[in-house]
Amino acid sequence: MRIRSVLSVLGFILVVVGLLMLCVLPISLSYDGEDAYALAVSGLLTVGVGAVGWYVNRKKSGELGAREGFMIVGLGWVVASLFGCLPFLITGAIPSFTDAYFEVVSGFTTTGATILTNVEALPEGLLFWRSLTQWIGGLGIILLSIAILPILGVGGMQLFQAEVPGISVEKLAPRISQTARILWMVYVLLTVVQMALLVGGGMTLFDAACHSFTTVSTGGFSTKNASIAHYQSSYIEQVIIVFMFLAGTSFALHYRALRGEWRSYVRDNEFTFYAVLVVLASLLVFLAIPFGERDELGKVVQAAVFQTVSILTTTGFVTADYELWFPAAQWILLMLMFAGACTGSTAGGIKLVRILVLLKNGINQLKMLIHPRAILPVRHNGKSLDQEIIIDILTFFILFVLIFIVASLAMTALGMDIVSSAGAVAASLGNIGPGLGSVGAVDNYAHVPMIGKWILVFCMLTGRLEIFTIIVLLTPAFWRR
Amino acid sequence: MKIVVIGAGEIGFHTAKILSQEKHDVIVVDSSAAQLERVNDALDVMTVEGSGSRLTTLRRAQVEQADVVIAVTSNDDVNFASCVLSHRLGAKRKFMRTNDADFFQDAEVTPQELGIDMAVSPERLAAKEIVRLIRRTAATDIVDFAEGRIQLIGIKLDQASPLINRKLRDVVKEYTEVPFRAVAISRGLRTVIPSADDVFKKGDQVFVISKTEMVPEMLKISGKESVKFENVMILGGTGIGQQVAEDLEEEVSVKLIESSKEASSRLADVLKKTMVIRGEGKDLDLLATEGIMDMDAYVAVTRDEEDNIISCLMAKHLGVKKAIAHVEKTDYIPLANTIGIDALVNKKLSAATEILKLVRKGEILSIATLHGVDAEMIEMVASPKSSVTKKPIRDLKFPDGGIIGCVIRKDEVIIPVGDTRILPDDRVVVLTLPRAIHEVEKFFH
Chain W
0 MRIRSVLSVL GFILVVVGLL MLCVLPISLS YDGEDAYALA VSGLLTVGVG AVGWYVNRKK
60 SGELGAREGF MIVGLGWVVA SLFGCLPFLI TGAIPSFTDA YFEVVSGFTT TGATILTNVE
120 ALPEGLLFWR SLTQWIGGLG IILLSIAILP ILGVGGMQLF QAEVPGISVE KLAPRISQTA
180 RILWMVYVLL TVVQMALLVG GGMTLFDAAC HSFTTVSTGG FSTKNASIAH YQSSYIEQVI
240 IVFMFLAGTS FALHYRALRG EWRSYVRDNE FTFYAVLVVL ASLLVFLAIP FGERDELGKV
300 VQAAVFQTVS ILTTTGFVTA DYELWFPAAQ WILLMLMFAG ACTGSTAGGI KLVRILVLLK
360 NGINQLKMLI HPRAILPVRH NGKSLDQEII IDILTFFILF VLIFIVASLA MTALGMDIVS
420 SAGAVAASLG NIGPGLGSVG AVDNYAHVPM IGKWILVFCM LTGRLEIFTI IVLLTPAFWR
480 R
Chain B
0 MKIVVIGAGE IGFHTAKILS QEKHDVIVVD SSAAQLERVN DALDVMTVEG SGSRLTTLRR
60 AQVEQADVVI AVTSNDDVNF ASCVLSHRLG AKRKFMRTND ADFFQDAEVT PQELGIDMAV
120 SPERLAAKEI VRLIRRTAAT DIVDFAEGRI QLIGIKLDQA SPLINRKLRD VVKEYTEVPF
180 RAVAISRGLR TVIPSADDVF KKGDQVFVIS KTEMVPEMLK ISGKESVKFE NVMILGGTGI
240 GQQVAEDLEE EVSVKLIESS KEASSRLADV LKKTMVIRGE GKDLDLLATE GIMDMDAYVA
300 VTRDEEDNII SCLMAKHLGV KKAIAHVEKT DYIPLANTIG IDALVNKKLS AATEILKLVR
360 KGEILSIATL HGVDAEMIEM VASPKSSVTK KPIRDLKFPD GGIIGCVIRK DEVIIPVGDT
420 RILPDDRVVV LTLPRAIHEV EKFFH
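Going down the list, the protein sequences come from chains W and B.
If you're matching positions, the first sequence starts at 0 in numbering that gives the first Met the number 0 and goes up one per residue.
If you're matching positions, the second sequence starts at 0 in numbering that gives the first Met the number 0 and goes up one per residue.
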């Protein structure tokens, strides 16, 4: 293990995080600036520590192997969150370290679960930083660093693979740093367009920025206690539905479309599956909504679509209390929490390509019972997949479910009820945010016991980094020479 | 530059590696997914799966926008087709590898007429390299610079060398009448750019730049005598073997040993002055009869690399002054020092080196890659604005991975010392590790 090259990259990541923190300063000052001091101190401290770590070890940065890659990504997220919660602690907005860390991990991992009972009480600077953590975490802290720091040539690929969701990495340009930059450009473009549309719908620029950050990152933090329901605007909901959907689509496809290859959307198996799933699940959820006499059909349909897209893309915005719906609706939403959206997007969860491959593989296995000698390849986008990839996906699926089982067991052991435990773990592992029961649509995570919060922090990180990156750090084989 | 490399074998891999380290945008095309996986794991390049002779593949590799297309698959026809197609699609420069050195021999059109800038034959290049090495028996490497007025030579320090355990600084002081500049030391598997305080060790391969007329003196200092060679024995009638014989037979007496009947009779027909002998290289009696003890140089270039190495060791054991073997695996090349063979040559590496040189032409003046060493020689021209002209060399803060080898000022050649100051319009020969090439370039902007 080349510890010093790991430290040097980690240092650089902290510098990036710290600089972003300092970017919030002018926004804080343009309001009453009560959090300006905390932001300045935390920003400078983060940049300082990062710069020292980077500078002292810069000459030692040799080539990064797979081991260093996992180490950097795993530790990078843990350490970035550690510094990210400084502004909350210094202002005293969140006095407990556990709570602050939970909130920031929930931010970076784009989960969107909050321990704040009254979000609106936070000063603007902190609110903005909270939304910004999701925006940074959406495409990835490391990916941002790769885009800025092109010297991580081959090593960059290791990091890319360890952080970006998906079964195989797709390069959009010859160099990894160019690929990272392209993805960030698409990301910024989506954000800016959404921001303009929201401002057009009557949102303040501040709210529009914060909500765009948390939509395109499929994060789900809101600056309002009632989330999107606060605005009571059909237009705003529609804009957000569209952008949640876009954020749940592979960014590589967006890039192709921007270059004029519109048909690449339709040609992609996963995207087609995603689109069909959104329609079907929305329909099912719609059928499971109790229809009152005073309800308008259009509004109910929109509520069903909004909630389905919000949960499937793992965003977690809320416009209606889905716990008042029939249990079937809740069950569908719980299942969607596991599914997640497309690979290469900012969504969490298992990802649809994996589910698609598992389904195809399952069908093949059944066919094999009848035709034992048949050779039945599992095809994705017209290409047959290696057995290795299928085993990889199966392992991922099993680990995902296993972590879900163990973590929810632990939550029930802490005294939470079954529905809330399962909901909280599913919502954290899939990076959704709102769960079921006592952590449902209109509730928050403040009341979860301290150990429970740490379990959920672990779930959020493992889920965001697609299980393997974190789990491999916990295996003895990783540390052996 | 945008560069498309077709073929992810040894040559393709090596060129793609160096070019991507130099921050070019590289796309590698190969029809084998397994080969591409190896490339993807080790290099920061984009890969495209498919045959290089297919138009669709070339389009996917964005050949239209490519500044350079390098076709180096093991199949000459694929290389040819992909170069011609790339030309049609609008790629700027095209280089192809020809395994058959006579690919264009009887053609009525030249490669240039078809838009192929250069056809590179690995066997021919390897042969050239071997001949160059033989001509200077005491040196492991020789590269000409500045129209031959300067040479870079590689010297292996053996037990007898008086330089062993002495500091570079002291050696320079003692031999002021022989100006030289030590630019690299290959020690084990590492290449170091030496500083004045570095100490020479036994087994080091030292690369030195010196004026051509001073080279014999330089060799004497390091404990080597430049020997005139008269007798050369070649084992293996491969393309390389034949080429080496052709190049040398006019000057010296050449014996070529080949085991196959057809090949040996064909060679005997083609090679007018070389004595072709049919027999096995492992046959010690045969070698003794043919007077291996009196050979000045022994070259083993059969298709079996292990045979080549072993027979070279045998030749060295019998007292041959210089033994050179051809190996297939580039990984073996740094071992030459350790196992006691004077030089290991790999035709693919020679080809890759040549291609890199061609690619860089126009950008950088002239160039060479050293054997088994991860360093490059480049020639740069200082402009009045270059930061390299602002201070004496000692105060330049030149990057760790680079060293100024010599300075050519109009007709004068200067072997620099710390106080030397580079003037505008000077041509400067720099030795650099690939990672530092861009930093070095900055000094000349």
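From the three backbone atoms N, C-alpha and C, an ideal C-beta is built for every residue, glycine too.
Inter-residue Cα distance where the pair is residue i and residue j
{"i": "L132 of chain B", "j": "I141 of chain B", "result": "7 Å"}
{"i": "L364 of chain B", "j": "V358 of chain B", "result": "Residue confidence for L364 of chain B is low, a pLDDT of 48 falling below 50, so the modelled location carries little weight and cannot support an answer."}
{"i": "E102 of chain W", "j": "R129 of chain W", "result": "8 Å"}
{"i": "A138 of chain B", "j": "K201 of chain B", "result": "16 Å"}
{"i": "N164 of chain B", "j": "K389 of chain B", "result": "36 Å"}
{"i": "V356 of chain W", "j": "D40 of chain B", "result": "24 Å"}
{"i": "L312 of chain B", "j": "I340 of chain B", "result": "7 Å"}
{"i": "Q241 of chain B", "j": "N336 of chain B", "result": "26 Å"}
{"i": "L296 of chain W", "j": "I89 of chain W", "result": "48 Å"}
{"i": "H86 of chain B", "j": "S73 of chain B", "result": "20 Å"}
{"i": "K309 of chain B", "j": "D303 of chain B", "result": "Note that residue 309 of chain B is Ile in the sequence shown here, rather than Lys. The alpha-carbon atoms of I309 of chain B and D303 of chain B are separated by roughly 10 Å."}
{"i": "E327 of chain B", "j": "E9 of chain B", "result": "9 Å"}
{"i": "I2 of chain W", "j": "Y331 of chain B", "result": "30 Å"}
{"i": "I331 of chain W", "j": "V71 of chain B", "result": "55 Å"}
{"i": "V424 of chain W", "j": "I402 of chain W", "result": "9 Å"}
{"i": "V429 of chain B", "j": "K356 of chain B", "result": "15 Å"}
{"i": "D29 of chain B", "j": "A172 of chain W", "result": "17 Å"}
{"i": "E33 of chain W", "j": "P122 of chain W", "result": "7 Å"}
{"i": "R148 of chain B", "j": "I413 of chain B", "result": "11 Å"}
Cross-chain neighbours of residue i in chain W, by beta carbon under 7 Å
{"i": "I309 of chain B", "result": "Per Cβ cutoff of 7 Å: no residues; I309 of chain B is ~34 Å from chain W at best."}
Chain B contact residues for residue i, given Cβ-Cβ distances below 8 Å
{"i": "R492 of chain W", "result": "Since the first and last residues shown for chain W are 0 and 480, residue 492 of chain W lies out of range."}
Near the ligand SAH: residue i beta-carbon under 7 Å from a heavy atom
{"i": "L413 of chain W", "result": "Ligands are entirely absent from the displayed structure, and the ligand SAH is therefore not among its contents."}
7 Å CB neighbourhood of residue i in its chain, flanking five on each side removed
{"i": "R255 of chain W", "result": "S263"}
{"i": "I450 of chain W", "result": "L413"}
{"i": "E353 of chain B", "result": "V119 and L124"}
{"i": "Y321 of chain W", "result": "Q306, A328, Q329, L332 and A440"}
Beta-bridge pairing of residue i - partner residues as DSSP gives them
{"i": "I413 of chain B", "result": "B:V406"}
{"i": "E48 of chain B", "result": "B:D29"}
{"i": "R266 of chain W", "result": "DSSP output for R266 of chain W lists no bridge partner at all."}
{"i": "N230 of chain B", "result": "B:S252"}
{"i": "D295 of chain B", "result": "DSSP, once it has assigned bridges, lists no residue as partnering D295 of chain B."}
Amino acids of chain B, ordered along the chain, whose beta-carbon sits closer than 7 Å to that of residue i
{"i": "M184 of chain W", "result": "In chain order: nothing, as chain B lies at least about 17 Å away."}
{"i": "M156 of chain W", "result": "D43"}
Residues that residue i contacts on chain W, provided the C-beta gap is smaller than 9 Å
{"i": "D24 of chain B", "result": "A172, P173, R174 and Q177"}
Residues of its chain near residue i, where Cβ-Cβ distance is below 6 Å and the 5 sequence neighbours each way are ignored
{"i": "S221 of chain B", "result": "I154, S160 and L162"}
{"i": "L85 of chain W", "result": "S41"}
{"i": "Y444 of chain W", "result": "A112, I114 and V438"}
{"i": "K445 of chain B", "result": "For residue 445 of chain B there is no data in the structure shown, the boundaries of chain B being 0 and 444."}
{"i": "V3 of chain B", "result": "I26, A60, V62, A65 and V68"}
Close-in-space but distant-in-sequence residues of the same chain around residue i (CB under 8 Å, 5 per side omitted)
{"i": "V51 of chain W", "result": "G10"}
{"i": "I288 of chain W", "result": "V299, A302, A303, W324, F325 and A328"}
{"i": "L432 of chain B", "result": "T190, I192, D373, A374, E375, G400 and G401"}
{"i": "F244 of chain W", "result": "V277, V308 and T312"}
{"i": "A208 of chain W", "result": "F127, S130 and M194"}
{"i": "F395 of chain W", "result": "I349, R353, E465, I466 and F467"}
Given 8 Å, three or more beta-carbon pairs between the segment 185 to 205 of chain B and the segment 122 to 131 of chain B: no
I want to know whether the segment 35 to 49 of chain B touches the segment 62 to 79 of chain B - three or more CB-CB distances under 8 Å. no
Give a yes or no on contact between the segment 94 to 114 of chain B and the segment 42 to 56 of chain B, applying the rule of three or more CB pairs nearer than 8 Å. no
Three or more C-beta pairs below 8 Å linking the segment 183 to 191 of chain W and the segment 127 to 143 of chain W: yes
Inter-stretch contact (C-beta, 8 Å, three-pair minimum) for the segment 229 to 236 of chain W and the segment 196 to 211 of chain W: yes
Is it the case that the segment 313 to 325 of chain B contacts the segment 292 to 303 of chain B, given that we only count it when at least three CB pairs across the two stretches are under 8 Å? yes
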